[in-house]
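Peer 1: Submitted below is the structure of interest, expressed as structure tokens.
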Amino acid sequence: MLNKVLKNLQSPTKDLEFISKQDIHIGVPDGGDGSQGDENSYYNIYKFKDEDLYISVEYYTDSYGNGEYIRGIQFVKETEKKVKSYDPI
42 MLNKVLKNLQ SPTKDLEFIS KQDIHIGVPD GGDGSQGDEN SYYNIYKFKD EDLYISVEYY
102 TDSYGNGEYI RGIQFVKETE KKVKSYDPI
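The sequence shown begins at 42 in my numbering and counts up one residue at a time.
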């Protein structure tokens, strides 16, 4: 199953469940053109169905905000982090 999924990450199969999208860098405004070298980049987290296995797929666009190209793939694990904040009393 792993090879089947990794073979076609531009169109993830039914073996993957989409978990979340996280923006990394927004350099091209919506509906506009960016400068030479600008790009938008983000990553999607997917979970393999019936497995406790996650992957992070990083995508980027060209300076026109067009196309989605894969920059990298990582196996990741789900973690929960506590954040300490100081609120007024």
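Note that beta-carbon positions come from the ideal geometry of N, C-alpha and C, so glycine has one too. Given the structure is predicted, the values throughout are model-derived calculations rather than measurements.
#1: Just curious, the alpha helix (DSSP H) that V124 is in, first and last residue?
#2: Expressed to the nearest angstrom, what Euclidean distance is found between the alpha-carbon atoms of N114 and I60?
#3: Rounded to whole angstroms, how far is the Cβ of E99 from the Cβ of Y84, which I believe are closer than 8 Å?
#4: Please state if the CB of Y95 and the CB of Y101 are separated by a distance shorter than 8 Å.
#5: Can you tell me whether N44 is buried or exposed? The criterion is at least 16 other CB atoms within 10 Å of its CB, across all chains shown.
Peer 2: The short version:
#1: Segment: none, V124 is in no alpha helix (DSSP H) and carries neither H nor E.
#2: Contrary to the premise, residue 114 reads as Ile rather than Asn in this sequence. Cα to Cα, I114 sits roughly 15 Å from I60.
#3: 4 Å
#4: no
#5: exposed
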